[in-house]
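Protein chains: 2
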Amino acid sequence: MKISLAQINYHTGNFNSNTQKIIEAIKKAESEKCDLVVFAELSICGYPPRDLLEFNDFIKESLSCVESIAGHCKTIAAIVGGPSFNPNKEGKDLFNSAFFLSDGKIQQVVHKSLLPTYDIFDEYRHFEPNKDFKIIEFKNQKIALTVCEDLWNIDENPMYQKAPMEDLIQYNPDFIINIAASPFSQTQIEKRHQILKANAFKYQLPLFYVNHVGAQTHLIFDGGSCVFNSDGNIFEELNYFEEDQRNFELIDGKLSSETVIKNHPKKEKYDFIEKALVLGIKQYFNKLGFTKAILGLSGGIDSALVTYLASQALGKENVLAVLLPSRYSSEHSINDSLDLVKNLGIKHHIISIEETFNSIENTLEPYFSGTKIGIAEENIQSRSRAILLMALSNKFGYILLNTSNKSELAVGYGTLYGDMCGGLSVIGDLYKTEVFELCDFINRNEEIIPNNILTKPPSAELRPDQKDSDSLPDYKILDEILFSFIEETKGKEEIIAAGFEPELVKRILRMVNMNEWKRWQAPPVLRISQKSFGPGRRVPISGYYPF
Amino acid sequence: MKISLAQINYHTGNFNSNTQKIIEAIKKAESEKCDLVVFAELSICGYPPRDLLEFNDFIKESLSCVESIAGHCKTIAAIVGGPSFNPNKEGKDLFNSAFFLSDGKIQQVVHKSLLPTYDIFDEYRHFEPNKDFKIIEFKNQKIALTVCEDLWNIDENPMYQKAPMEDLIQYNPDFIINIAASPFSQTQIEKRHQILKANAFKYQLPLFYVNHVGAQTHLIFDGGSCVFNSDGNIFEELNYFEEDQRNFELIDGKLSSETVIKNHPKKEKYDFIEKALVLGIKQYFNKLGFTKAILGLSGGIDSALVTYLASQALGKENVLAVLLPSRYSSEHSINDSLDLVKNLGIKHHIISIEETFNSIENTLEPYFSGTKIGIAEENIQSRSRAILLMALSNKFGYILLNTSNKSELAVGYGTLYGDMCGGLSVIGDLYKTEVFELCDFINRNEEIIPNNILTKPPSAELRPDQKDSDSLPDYKILDEILFSFIEETKGKEEIIAAGFEPELVKRILRMVNMNEWKRWQAPPVLRISQKSFGPGRRVPISGYYPF
Chain A
1 MKISLAQINY HTGNFNSNTQ KIIEAIKKAE SEKCDLVVFA ELSICGYPPR DLLEFNDFIK
61 ESLSCVESIA GHCKTIAAIV GGPSFNPNKE GKDLFNSAFF LSDGKIQQVV HKSLLPTYDI
121 FDEYRHFEPN KDFKIIEFKN QKIALTVCED LWNIDENPMY QKAPMEDLIQ YNPDFIINIA
181 ASPFSQTQIE KRHQILKANA FKYQLPLFYV NHVGAQTHLI FDGGSCVFNS DGNIFEELNY
241 FEEDQRNFEL IDGKLSSETV IKNHPKKEKY DFIEKALVLG IKQYFNKLGF TKAILGLSGG
301 IDSALVTYLA SQALGKENVL AVLLPSRYSS EHSINDSLDL VKNLGIKHHI ISIEETFNSI
361 ENTLEPYFSG TKIGIAEENI QSRSRAILLM ALSNKFGYIL LNTSNKSELA VGYGTLYGDM
421 CGGLSVIGDL YKTEVFELCD FINRNEEIIP NNILTKPPSA ELRPDQKDSD SLPDYKILDE
481 ILFSFIEETK GKEEIIAAGF EPELVKRILR MVNMNEWKRW QAPPVLRISQ KSFGPGRRVP
541 ISGYYPF
Chain B
1001 MKISLAQINY HTGNFNSNTQ KIIEAIKKAE SEKCDLVVFA ELSICGYPPR DLLEFNDFIK
1061 ESLSCVESIA GHCKTIAAIV GGPSFNPNKE GKDLFNSAFF LSDGKIQQVV HKSLLPTYDI
1121 FDEYRHFEPN KDFKIIEFKN QKIALTVCED LWNIDENPMY QKAPMEDLIQ YNPDFIINIA
1181 ASPFSQTQIE KRHQILKANA FKYQLPLFYV NHVGAQTHLI FDGGSCVFNS DGNIFEELNY
1241 FEEDQRNFEL IDGKLSSETV IKNHPKKEKY DFIEKALVLG IKQYFNKLGF TKAILGLSGG
1301 IDSALVTYLA SQALGKENVL AVLLPSRYSS EHSINDSLDL VKNLGIKHHI ISIEETFNSI
1361 ENTLEPYFSG TKIGIAEENI QSRSRAILLM ALSNKFGYIL LNTSNKSELA VGYGTLYGDM
1421 CGGLSVIGDL YKTEVFELCD FINRNEEIIP NNILTKPPSA ELRPDQKDSD SLPDYKILDE
1481 ILFSFIEETK GKEEIIAAGF EPELVKRILR MVNMNEWKRW QAPPVLRISQ KSFGPGRRVP
1541 ISGYYPF
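If you want it as structure tokens, here you go:
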């Protein structure tokens, strides 16, 4: 049996485009004499459709596209993912389904059993878990067709009561297919391979896995669809971060491939993060129909990194960097920024915020007179920059990119409606120490981001001689404590027990908790860790934090 | 048996305060010779705890508080709600539990079966559904103890596979207790009473229902704990929107009460909405430890209404209204605002934005010169106001209240980082037509909100002679279409079929969909409808909308 895996960039809700892409991939596989072509989970409607699933129109349109795709499956079979109505009176109205199409129609529909409802996933919000397990029979082969997390209940501490494969294995299947929507994170690829390997090995079956590629709002899909041998070894991986389609031959349980099998790509952390972020920016713009980005260039490392990533994603001609100096900006900030602009070959403006800042101070003089200069004045500067950037954005059709990093977002070291503005937070899931490491990676062959930017002490430059280190501990320590709290959900005592200074731990956790109100209004953050700020971390604002 | 229902305002995560309040209510019930006192769902930790549940420390602290409360239950029994660890290897790590405390210790723990995971609810994110049903035996009575949605599977189109009462009824219980966390919405009280009535009637048992009161971030809990007779008729309701504790005697299935049974409160829509919003503001400030609000007063109805609600919630001495006129502000806007300020007896400033607006226009002149005046310039005005308000907020410790209404939020008729700023959106769940109706209600006895504000045509006053009706259809039609789309999740065809002009429907739905990016960054919206913007409505930004 010849099986084609189609790894496609879908657009949530764009049924025309998704259907078109699926039909093209079917035709390609057909022309290459494949028996079966496999698409990802919820491929028809894109992932995650979120509450668009609550519209009957959305489900009906999706089902009608499946029907029309089935019409193209006359000499080839296809598996596509999409929502379907639950015919039972009880339970949720929908299933998360895989449609098996052949002979021009929908032959079988199997539903997902294990519905991820944690972190960024909300599947039980919409779908009823399947309890009725069926095998797909096709050309004398029996296929155990599973949807994403259906294979994930193989740990020692399983998230669900049962593993669907335990039912499906009773039918003696010849191989496993898993259609997935597995978003990228730094740890996800390894985890994914572990799970797939464990399944192939446990059931002694070849396994075909098809993932999404692309990005939807804050979620990045890395692709990396793959095939495992029945001994649990990986046979081949499709490309990462781009569309791909490859064919595999399965004869008597033995796999072969038409493609020259390359070495499995080495998964260097920052290589993958860079590619993920570039894809995330590109997709956000493409899917919203925008082409041009604007951002404020402070002379610091964060905005330098985002400028580089934006120029990679959108092309240097589509990025406008704006330097917005104030009385507190150091000369090196401007020179370093100009060096970066030159290195990247992008356009820039230099717009002083002094006039705006002065006028606001002047307007407020009757009220502020006699008060101590402090946060209010610092925020005015940051917001003056935002108002100028947004004006240019509104006037000329740019999307403003946000340049906050995860350490800042965590402790609230940023101005809401100031430097926290932007349509998309590009590096809001990278701790400051990771920002440095990613820049080092980018500069590995040549100095793209000026070394001066990487070596000077971080500063917001909102008052004379200000340094981040005036308000925050050393970033290395800060980031370790933050990681323990955010990614590992360790509490105060546990973190202190790991050897950190108790008062410091308490202070940092208090800062994280107290700044929930700012993060509520932050832009979507491109997710590259296993726990990013945004819909994957849901914390009350008006809570009292016992940590 | 004498049963006390304790309806308490809990604070999420504030274990000390919650435990203290519970112990006081136990002592009160004990002094009044009650046998049993009942507290709400997750009373120990507050509702909703959201992802605080992911911290082991949080669960352990919660369990230790239950233990310490048990120590106070020597001559009285109590039922309190809290999370507990799932001892099984499979499934989620936690249960949503009701602890039955007597003789100084935890006697029994029953777990919630039906876990709401829709709209603002995320319970399956954290909890494993219970499958093991137990009856509580106490003083020769058998109690069917259920947690909130456990009683809700009684519709013709049930959300879950089964109803826990079908198991519990096998034990021949003497009465039902339901501990709940049921947030307010315009339709919720009636729905809640229907469900409780249907259960009491179906199982022919008296039913005691205890709810939360207060607010947590965007969710308002109205209280209204109640008791139903075994014939399905309501016996008594506790107060709405305030703490309350009442005792009931149950002898041979017959109810009596010590309190003089008042007429059940008439639930006038706008009376309840006003009380809900006032409570929502008050709680948001109290729980964050703030006392003072600032807001911009435009002369329009939205900011007038929010100013009134804020002065009701926080006291007139704690509300600062700022008039921020520009060259486009009409004289009546200022006079009407001053009339309101006088009626409410609050402080105000008048701060012209002209200087700020001019300086920004001047700074941008090299870039804007020759372009057509438009949205960019309008947004500069709105953002100039925001920057001045936020400066005062930062300098003097006010929380800025947002004044956007639901119609504006829906179609994106507002400036992100401008009039969309604020720590809390007070009327973001009221359509414009509801804003008018609520103001009429407030003015029912005297002219609190100046009539001029209610009768003049709505305008953003961002360009000469601007009217909302230049950009938007009549609010009555707009709001009907929005309600069909947002609350009823009707699609384009369905709405058009209801008799609305097709091009208008398409235009409005397109506006709603296209402005998801703005709403992502909106403040928390006090929820008073069955579908508010915020965590109850989750829509991709970069989706393509097939509606």
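As you go down the protein sequences, you meet chains A and B in turn. Going by my numbering, the first sequence opens with residue 1, and the numbers climb by one from there. Going by my numbering, the second sequence opens with residue 1001, and the numbers climb by one from there. Where a beta carbon is used, it is the ideal one built from N, C-alpha and C, also for glycine. None of the values given here were measured: they were computed from a predicted structure.
Residues bridged to residue i [DSSP beta-bridge criterion]
{"i": "valine 110 (chain A)", "result": "A:Ala98"}
{"i": "arginine 1246 (chain B)", "result": "B:Leu1005"}
{"i": "valine 1539 (chain B)", "result": "Paired residue(s): none; valine 1539 (chain B) is not in a bridge."}
{"i": "phenylalanine 1201 (chain B)", "result": "Answer is none; phenylalanine 1201 (chain B) lacks a bridge partner."}
Contact under 8 Å by Cβ, residue i with residue j
{"i": "glycine 395 (chain A)", "j": "phenylalanine 1368 (chain B)", "result": "Inspection of the sequence shows that residue 395 (chain A) is occupied by lysine rather than by glycine. Yes, the pair counts as a contact, with Cβ atoms nearer than the cut-off."}
{"i": "threonine 1415 (chain B)", "j": "asparagine 1379 (chain B)", "result": "yes"}
{"i": "glutamate 1041 (chain B)", "j": "serine 1298 (chain B)", "result": "no"}
{"i": "phenylalanine 208 (chain A)", "j": "leucine 5 (chain A)", "result": "yes"}
{"i": "isoleucine 351 (chain A)", "j": "leucine 324 (chain A)", "result": "yes"}
{"i": "isoleucine 1399 (chain B)", "j": "phenylalanine 1290 (chain B)", "result": "yes"}
{"i": "isoleucine 3 (chain A)", "j": "phenylalanine 248 (chain A)", "result": "yes"}
{"i": "leucine 168 (chain A)", "j": "alanine 144 (chain A)", "result": "yes"}
{"i": "glycine 1397 (chain B)", "j": "lysine 1292 (chain B)", "result": "yes"}
Nearest-angstrom Cβ-Cβ length linking residue i and residue j, presumed shorter than 8 Å
{"i": "lysine 1266 (chain B)", "j": "isoleucine 1234 (chain B)", "result": "14 Å between Cβ atoms; not a contact."}
{"i": "aspartate 1244 (chain B)", "j": "glycine 1214 (chain B)", "result": "Not a contact, Cβ separation roughly 12 Å."}
{"i": "alanine 1098 (chain B)", "j": "isoleucine 1026 (chain B)", "result": "Not really, about 15 Å apart at Cβ, beyond 8 Å."}
{"i": "lysine 1139 (chain B)", "j": "aspartate 1252 (chain B)", "result": "14 Å between Cβ atoms; not a contact."}
{"i": "leucine 309 (chain A)", "j": "valine 278 (chain A)", "result": "6 Å"}
{"i": "lysine 1531 (chain B)", "j": "arginine 1537 (chain B)", "result": "6 Å"}
Outcome for residue i when other beta-carbon atoms lying within 10 angstroms are tallied against a minimum of 16
{"i": "arginine 192 (chain A)", "result": "buried"}
{"i": "aspartate 1119 (chain B)", "result": "buried"}
{"i": "asparagine 1229 (chain B)", "result": "buried"}
{"i": "phenylalanine 1058 (chain B)", "result": "buried"}
{"i": "glutamate 166 (chain A)", "result": "exposed"}
{"i": "arginine 1444 (chain B)", "result": "exposed"}
{"i": "alanine 1410 (chain B)", "result": "buried"}
{"i": "serine 1471 (chain B)", "result": "exposed"}
{"i": "glutamine 570 (chain A)", "result": "Look at the range of chain A in this structure, 1 to 547, and you will see that residue 570 (chain A) is not part of it."}
{"i": "serine 31 (chain A)", "result": "exposed"}
{"i": "aspartate 474 (chain A)", "result": "exposed"}
{"i": "asparagine 335 (chain A)", "result": "exposed"}
{"i": "serine 68 (chain A)", "result": "exposed"}
{"i": "asparagine 1088 (chain B)", "result": "exposed"}
{"i": "glutamine 1007 (chain B)", "result": "buried"}
Cα-Cα separation, residue i to residue j
{"i": "serine 1064 (chain B)", "j": "phenylalanine 127 (chain A)", "result": "36 Å"}
{"i": "valine 1109 (chain B)", "j": "threonine 1217 (chain B)", "result": "29 Å"}
{"i": "lysine 1033 (chain B)", "j": "glutamine 1141 (chain B)", "result": "17 Å"}
{"i": "isoleucine 1477 (chain B)", "j": "glutamate 1437 (chain B)", "result": "15 Å"}
{"i": "leucine 1401 (chain B)", "j": "tyrosine 328 (chain A)", "result": "31 Å"}
{"i": "serine 1256 (chain B)", "j": "glutamate 1236 (chain B)", "result": "10 Å"}
{"i": "arginine 1383 (chain B)", "j": "alanine 386 (chain A)", "result": "9 Å"}
{"i": "aspartate 1479 (chain B)", "j": "glutamine 204 (chain A)", "result": "59 Å"}
{"i": "alanine 1391 (chain B)", "j": "serine 1311 (chain B)", "result": "21 Å"}
{"i": "glutamine 186 (chain A)", "j": "isoleucine 1541 (chain B)", "result": "24 Å"}
{"i": "serine 102 (chain A)", "j": "lysine 1492 (chain B)", "result": "32 Å"}
{"i": "aspartate 1440 (chain B)", "j": "glutamate 1274 (chain B)", "result": "12 Å"}
{"i": "lysine 1518 (chain B)", "j": "glycine 1412 (chain B)", "result": "7 Å"}
{"i": "asparagine 56 (chain A)", "j": "threonine 1489 (chain B)", "result": "8 Å"}
{"i": "tyrosine 417 (chain A)", "j": "leucine 1388 (chain B)", "result": "12 Å"}
{"i": "lysine 131 (chain A)", "j": "alanine 1276 (chain B)", "result": "42 Å"}
{"i": "isoleucine 1179 (chain B)", "j": "lysine 1105 (chain B)", "result": "20 Å"}
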